[in-house]
Amino acid sequence: MNISVIVPVYKGAQTLEALVQRLGEVLPKAAEEYELILVDDGSPDASWEVIGRLAREQAWVRGVKLLRNFGQHNATLCGIRAARYEVIVTLDDDLQNPPEEIPLLLAKLEQGFDVVYGSPQIVRQNLWRSLASHVIRLVLRNVMGNEVAWQVSPFRAFHTRVRDAFANYSSPSVFIDVLLTWGAARFAAVPVRQDARAAGVSTYTFGKLLSLAMNMLTGFSTLPLRAASTIGFIFTLFGLGVLAYVIGRFLITGYSIPGFPFLASVIAIFSGATLFALGIMGEYLARIYTHSMGQPPYVIREN
Numbered sequence: 018m019n020i021s022v023i024v025p026v027y028k029g030a031q032t033l034e035a036l037v038q039r040l041g042e043v044l045p046k047a048a049e050e051y052e053l054i055l056v057d058d059g060s061p062d063a064s065w066e067v068i069g070r071l072a073r074e075q076a077w078v079r080g081v082k083l084l085r086n087f088g089q090h091n092a093t094l095c096g097i098r099a100a101r102y103e104v105i106v107t108l109d110d111d112l113q114n115p116p117e118e119i120p121l122l123l124a125k126l127e128q129g130f131d132v133v134y135g136s137p138q139i140v141r142q143n144l145w146r147s148l149a150s151h152v153i154r155l156v157l158r159n160v161m162g163n164e165v166a167w168q169v170s171p172f173r174a175f176h177t178r179v180r181d182a183f184a185n186y187s188s189p190s191v192f193i194d195v196l197l198t199w200g201a202a203r204f205a206a207v208p209v210r211q212d213a214r215a216a217g218v219s220t221y222t223f224g225k226l227l228s229l230a231m232n233m234l235t236g237f238s239t240l241p242l243r244a245a246s247t248i249g250f251i252f253t254l255f256g257l258g259v260l261a262y263v264i265g266r267f268l269i270t271g272y273s274i275p276g277f278p279f280l281a282s283v284i285a286i287f288s289g290a291t292l293f294a295l296g297i298m299g300e301y302l303a304r305i306y307t308h309s310m311g312q313p314p315y316v317i318r319e320n
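So, in structure tokens, the structure goes:
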């Protein structure tokens with residue numbers, strides 16, 4: 018088995034040397050040939066300088082520098098497309114994904130699965146991040162249509178042939194786990210250890226995670242449009258019911274329903290439903306506009 022390890026790097030100058038050292042101890046035991054591709058995702062620190070030094074010192078280490086910060090998934094996609102060997106492993110640069118757990122993923126992959134996730138036994142997150150991550154997994158469950166969505170993580174192993182299904186994907190909105198479903202049918206997850214961050218703090222805030230969930234939902238699913246249609250249909254039925262009640266009362270009693278508050282509340286309900294539906298459609302129109310510009314998912318400055 019030959020392995021390509023992909024690591025998107027952002028503010029990883031303090032952890033890269035330790036990561037490469039630990040991978041250098043694990044990979045020779047797991048693969049005949051191997052490589053490490055470090056993708057600098059516009060890091061503001063000295064990450065690229067560290068990557069360059071490590072690449073000069075270790076022949077199996079390669080570096081790719083993106084023009085600016087495109088995001089973790091975009092940087093991972095860049096590394097996936099640069100991989101040369103038949104199995105790809107992705108993990109973060111903060112050492113929360115222990116390289117020593119890679120053989121667990123590879124052993125499961127050899128059982129005939131297309132994609133295997135390393136699911137943390139203990140998740141080290143605060144309450145807000147945990148809540149946002151749960152929302153993302155809920156959205157991902159709908160998009161992927163697979164129960165393994167509850168166990169996805171950046172620590173994954175899959176056959177390189179899977180990338181053929183999204184070889185021509187060019188949208189700037191990238192979510193690796195959704196793209197993998199295009200070329201994979203058998204998913205699995207194995208429990209792995211998750212260590213504390215070796216340095217720094219996570220750049221994924223609660224707001225960024227929710228934004229990621231919205232981007233994923235509107236970028237890879239028609240569920241919001243269906244929800245907007247359903248809500249509009251429900252309120253249409255409600256409006257017809259109110260109209261029938263008003264007309265029926267007038268025909269029976271000869272009086273209409275008095276009171277401006279009732280009318281105002283009905284108008285507010287329908288206005289809100291209309292604006293909600295327009296907002297959902299606006300999200301999709303914005304994505305169509307962005308895609309029509311042909312903006313690439315990433316741009317390589319140097320490798």
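So the mapping is simple: our numbering equals the position in the sequence shown, first residue as 1, plus 17. Using N, Cα and C, we set each Cβ at its ideal position, and we do this for glycine too.
- Per DSSP, Leu36 is one residue of the alpha helix (DSSP H) stretching across Leu33 to Ala47.
- With respect to the 8 Å criterion, Gln168 and Ser136 are classified as neighbours on the basis of their beta carbons.
- In this structure, Cys95 sits near Leu83, with a CB-CB distance shorter than 8 Å.
- Bridge pairing for Ala206: Tyr134 [DSSP].
- When the beta-carbon positions are compared, Ala261 and Phe293 stay at least 8 Å from each other.
- If you check the CB distance, Ile20 and Tyr134 do not come in under 8 Å.
- Every beta strand (DSSP E) of 3 residues or more that sits fully in the segment 83–139 is shown, in chain order, as 104–107 and 132–137.
- Counting along the chain, Ala174 sits inside the beta strand (DSSP E) bounded by residues Arg173 to His176.
- Taking C-alpha positions only, Val24 is separated from Trp199 by approximately 22 Å.
- Less than 8 Å divides the Cβ of Phe183 from the Cβ of Leu196.
- Here Pro241 carries a helix assignment [DSSP, helix/strand/coil].
- Contact check between the segment 38–48 and the segment 60–68: fewer than three CB pairs, one atom from each, fall below 8 Å, which does not count as touching.
- As DSSP reads the structure, Asp181 sits in no beta bridge.
- For Leu122, the closest alpha carbon among the candidates Ala202, Pro171, Asp58 and Ala290 is that of Pro171.
- Each of Glu34, Leu126 and Gly59 was checked against the Cα of Leu53, and the nearest Cα belongs to Glu34.
- Between Gln89 and Asp58 a beta carbon distance of about 7 Å is seen, short of the 8 Å cut, so the two are scored as contacting.
- Ranked by how close their Cα comes to the Cα of Ala99, the residues Thr247, Glu117, Val283 and Arg180 have Arg180 in first place.
- Of the other Cβ atoms in all chains shown, 16 or more fall within 10 Å of the Cβ of Glu118; this residue is therefore buried.
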